[in-house]
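Visitor: Mind having a look at this structure? Questions to follow.
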């Protein structure tokens, strides 16, 4: 019963073309149609190289497009974008994004070089396959058990069955390790039959990102990836670096080997691999892989088919754009002359030494220009918003298709670089201590003469195609009065048109998700955690996460002293609560605890995260010695695990 509850805590939602409730989408407005035509006219010439590279090496794909769980739930639909038959973008899709998604929607097994392949389109990421002496070496086994198993099935059916001899995680994001149990058995890993290789600090960074800010990040990820939008001309158009994120079971097996230095080589199943460490770029723990025998460089995620995110809108630690450009420059110097093929863990590869060097160097220049010019403007006193409005890529950089903002944008990335150096405050005292949104909105609406005048001004702005201003006005109106149905409807319409016009797939998703929630309400949130993920998180980090849920009103001034013993891990910790603050210390114990609690760690998870009754947990094997009221007081003072919260309204 308790394990089932923990599994429910860690289950992942699927969103790859499944059916959702019908929403009242509106057609593209006259202003949007005009904006799309201007966008089309400004695009660089399409020389056909991307279409060639995205098709090159195609071997096969699955005959059944639906990937399902054991109980029949669809977690991925390979045919979700089959409706994109035309080369002409509909009025509701930015023409640049339409072209881009036409390339990303391709799926199947593709040959890279002799003894090296990729499975693309089975998830937001790619799985790279290398033929070893005895089995397959897999790099980045997708996001979930189901899609990874389907990808390996295609490989074995097409190329001939072989065991998996090694799995490599390029970095610490879930779409690059979450499907590992779909391709290997942990018993084989423990027996030494399969190696799991990852960059240094992989496990700590994986745990960190998915615990402390997991609930908020998961909710925001709903918007970024359009998890409740159905693929279509009025809905989701991918994520900019892939189609979407697969549903299913996110899994994790701890690495058996860490890579620590650039230039480090390992012979894995008879294949020599060389690694480039690129920490604090797209992920805190990340590495690239070079395969000398295939003259192929795998750039993981520091180079893809789009400008990436310096600060992803779903939320994360701000990335170092300066270091990112530096590592791309290092890649050019170390691998440019040694590579005939460059691939990544997203998008399609490029073939030819000139392509390799040009692709890496072009993206290097993009990140360096973005960084240097943001800092230059910042040092002139310009604020985040001013820099974002002014900064544009020069044609030599911006006209390269792979530098366009299908995922990250110059707008939000320049703000991230500003934040990296100076933080959120722009030095304007009026922004130092403003009213919170609801109060500010009410005062703003009153100052403008009331809701009717704001609605009139918003309608005028929308008629003029100024959706940025109309959504600013209407957002204040909705926060001042969430029940204003006309304001909600107009704000949804304004967001929707901005979504249609967006070149960035994730901007489109965020605008259209906001419109959907204004019209239909909040749906369930993505859960980025899983039972495997929770099992891999260090106990100390889990206890620190518990501390972030302590309600000071509920705990009042009570003082608590608990000793915890995790019998299945041979770990102990002490918890001290005072002044409405909870501290935990691993490996320590109170000399005179008020209570000592002992048992396997999953019972502590049920106690602190699921908040199951103490008596039920005692029946399951949890042992409580001393003042049980201390345990009950701590549990009662913890907020429940957060669910979906409002974004588009108070």
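Numbering (mature numbering (1 follows the signal peptide of the UniProt record, and there is no 0)), first residue to last: -21 to -1, 1 to 629. Glycine included, each C-beta is placed from N, C-alpha and C at the ideal position. Just so we're clear, the structure is a prediction, and the values are computed from it rather than from any experiment.
Taking 7 Å as the limit between beta carbons, can you name the residues of its chain near residue 86, skipping five residues before and five after?
Guide: So the qualifying residues of the chain are 40, 57, 99, 100, 101.
Visitor: With DSSP run on the structure shown, which of helix, strand or coil describes residue 557?
Guide: Strand, per DSSP.
Visitor: How should residue -1 be labelled, buried or exposed, when 16 other C-beta atoms within 10 angstroms of its C-beta is the threshold for buried?
Guide: Confidence at residue -1 is low in this model, with a pLDDT of 36, below 50, so its placement is unreliable and no value can be given for it.
Visitor: Using CA coordinates, which residue listed in 519, 515, 614, 624 is at the minimum distance from residue 234?
Guide: Out of 519, 515, 614, 624, 515 has the C-alpha closest to the C-alpha of residue 234.
Visitor: Is it buried or exposed for residue 360, if we count other Cβ within 10 angstroms and need 16 for buried?
Guide: Exposed, because fewer than 16 other Cβ atoms sit within 10 Å of the Cβ of residue 360.
Visitor: Indicate whether the contact test is met: 3 or more Cβ pairs, each with one atom in the region 443 to 454 and one in the region 182 to 189, closer than 8 Å.
Guide: No contact exists between the region 443 to 454 and the region 182 to 189.
Visitor: In or out: residue 79 buried (at least 16 other Cβ within 10 Å) or exposed?
Guide: The residue is buried, with at least 16 neighbouring Cβ atoms inside 10 Å.
Visitor: Is residue 91 helix, strand or coil when you go by DSSP?
Guide: The answer is strand: DSSP assigns residue 91 an E or B state.
Visitor: Taking the straight line between their C-alpha atoms, what separation do you get for residue 611 and residue 593?
Guide: Those two C-alpha atoms are separated by around 7 Å.
Visitor: Look at the alpha carbon of residue 279 and the alpha carbon of residue 323, and state the distance between them as a whole number of angstroms.
Guide: Distance between the alpha carbons of residue 279 and residue 323 is about 5 Å.
Visitor: Please tell me whether residue 553 and residue 578 are closer than 8 Å, where the distance is taken between their beta carbons.
Guide: Result no, Cβ atoms of residue 553 and residue 578 do not sit closer than 8 Å.
Visitor: Work out the CA separation of residue 471 and residue 397 for me, nearest whole Å.
Guide: Using only the alpha carbons, I get a separation of about 30 Å.
Visitor: Grab me the residues of residue 5's own chain with a C-beta within less than 7 Å of its C-beta, minus the 5 sequence neighbours each way, in chain order.
Guide: Excluding positions up to five away in sequence, the list reads 472, 475.
Visitor: Per DSSP, residue 267 forms a beta bridge with which residues?
Guide: In DSSP, residue 267 forms a bridge with 255.
Visitor: Residue 532 to residue 220, Cα distance in whole Å?
Guide: Rounded to whole angstroms, residue 532 to residue 220 spans 44 Å at the Cα level.
Visitor: Are three or more beta carbon pairs between the region 487 to 497 and the region 206 to 218 nearer than 8 Å?
Guide: Contact holds: three or more Cβ-Cβ distances are below 8 Å.
Visitor: Pull up the CB-CB distance for residue 320 and residue 111, whole angstroms please, since I reckon it's below 8 Å.
Guide: So it is not a contact: roughly 19 Å between Cβ atoms.
Visitor: Consult DSSP for residue 79 and reduce its assignment to one of helix, strand or coil.
Guide: DSSP places residue 79 in helix when its eight states are reduced to three.
Visitor: Figure out for me which residue from 386, 306, 31, 325 has the closest Cα to the Cα of residue 347.
Guide: Among 386, 306, 31, 325, the Cα nearest to that of residue 347 is on 306.
Visitor: What are the complete beta strand (DSSP E) segments, minimum 3 residues, inside the region 279 to 341?
Guide: Counting only runs of 3 or more, we get 320 to 322.
Visitor: Return the Cβ separation of residue 32 and residue 416 in integer angstroms, given the expectation that the two are a contact with Cβ distance under 8 Å.
Guide: Actually they do not touch by this definition, with Cβ atoms about 46 Å apart.
Visitor: Could you check whether the region 362 to 375 touches the region 253 to 264, counting it as contact only if at least three pairs of C-beta atoms, one from each stretch, sit closer than 8 Å?
Guide: Verdict: no, contact absent.
Visitor: Please report the straight-line C-alpha distance between residue 227 and residue 207, rounded to a whole angstrom.
Guide: Rounded to whole angstroms, residue 227 to residue 207 spans 15 Å at the Cα level.
Visitor: Are the region 374 to 381 and the region 411 to 427 touching by the rule of at least three beta carbon pairs closer than 8 Å?
Guide: Taking 8 Å as the limit for Cβ pairs, the verdict is that the region 411 to 427 does not touch the region 374 to 381.
Visitor: If contacts are defined as beta-carbon pairs under 8 Å, then residue 387 and residue 289 qualify, I think. What distance do you get, rounded to the angstrom?
Guide: That pair is a contact at about 7 Å.
Visitor: With a cut-off of 8 Å on the beta carbons, I'd call residue 408 and residue 212 a contact; round off their distance for me.
Guide: Going by Cβ atoms, the distance from residue 408 to residue 212 rounds to 46 Å, so no, they are not a contact pair.
Visitor: When we look at the beta-carbon of residue 548 and count the other beta-carbons within 10 Å, is it buried (16 or more) or exposed?
Guide: Residue 548 comes out exposed.
Visitor: May I ask you to report which of helix, strand or coil DSSP gives residue 615?
Guide: Correct three-state label for residue 615: helix.
Visitor: What does a CB cutoff of less than 8 Å around residue 332 pick up in its chain, not counting 5 residues either side in sequence?
Guide: Cβ neighbours of residue 332 beyond the five flanking positions: 315, 316, 318, 319.
Visitor: Thinking just about the alpha-carbon of each residue, which of 115, 566, 104 is nearest to the one in residue 95?
Guide: Comparing Cα-Cα distances from residue 95 to each of 115, 566, 104, the minimum goes to 115.
Visitor: From the DSSP output, read off the bridge partner residues of residue 236.
Guide: The partner list for residue 236 (beta bridge, DSSP) reads 176.
Visitor: Taking the alpha carbon of residue 138 as the point to measure from, which residue in 93, 499, 184 has its own alpha carbon closest?
Guide: Taking only the C-alpha atoms, the option nearest residue 138 is 93.
Visitor: Taking all protein chains shown into account, do 16 or more other C-beta atoms lie within 10 angstroms of the C-beta of residue 414, making it buried, or fewer, making it exposed?
Guide: Per the 10 Å Cβ criterion, exposed.
Visitor: Is it the case that the Cβ atoms of residue 229 and residue 157 are separated by a distance below 8 Å?
Guide: Cβ atoms of residue 229 and residue 157: closer than 8 Å.
Visitor: What does a CB cutoff of less than 7 Å around residue 616 pick up in its chain, not counting 5 residues either side in sequence?
Guide: So the qualifying residues of the chain are 529, 530, 533, 534.
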